[in-house]
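Structure, as structure tokens:
In our numbering, the protein residues as written are 953 to 1092.
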């Protein structure tokens, strides 16, 4: 295939996670640059996640109850949902107070639900355009 350009990134040069800032996927900063930003809601889901993301989140949430943000969990497939349930991760999410959604797009498309108006959200989805997850939201 022909490409307009080939961009090579040496992953050894990336020393910490980067996030796309609200509401522009091209406005990226390191996690330390945005540390301290108040986050109201967190969305772990969309087609770009894999089962390992949910396992990692579950490990972080073990023993936690009533976390200080609203957490949305939506695996990309029913197969992932079944596996995560069998492994006990859905129990951890429930104990922590997460809202579990049907597998699929969920908040990423805003077709099943939306976050609170004006919320600041940390999302695993690849799209953070204005109003995509809810009205007047700021999405990382």
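Don't be surprised by glycine CBs; every beta carbon is placed ideally from N, CA and C.
Helix, strand or coil for residue i per DSSP?
i            : result
residue 1053 : coil
residue 1037 : helix
residue 996  : strand
residue 1009 : helix
residue 989  : coil
residue 1061 : coil
Give every residue of the same chain whose Cβ lies closer than 8 Å to the Cβ of residue i, excluding the five residues on either side of it in the sequence, and list them in chain order.
i            : result
residue 978  : 972
residue 1001 : 1027, 1028 and 1076
residue 992  : 1021, 1022, 1067, 1068, 1071, 1072 and 1073
residue 980  : 970, 971, 972 and 973
Which residues in the same chain have their Cβ closer than 6 Å to the Cβ of residue i, if we skip the five residues on either side of it in sequence?
i            : result
residue 1082 : 975
residue 1038 : none
What are the partner residues of residue i, as DSSP defines its beta bridges?
i            : result
residue 1090 : 1072
residue 970  : 982
residue 1026 : 997
Is the beta carbon of residue i less than 7 Å from the beta carbon of residue j?
i            : j            : result
residue 1048 : residue 1011 : no
residue 1032 : residue 1003 : yes
Only counting the same chain, and skipping five residues up and downstream in sequence, which positions put a Cβ closer than 7 Å to that of residue i?
i            : result
residue 1044 : 1010, 1013 and 1014
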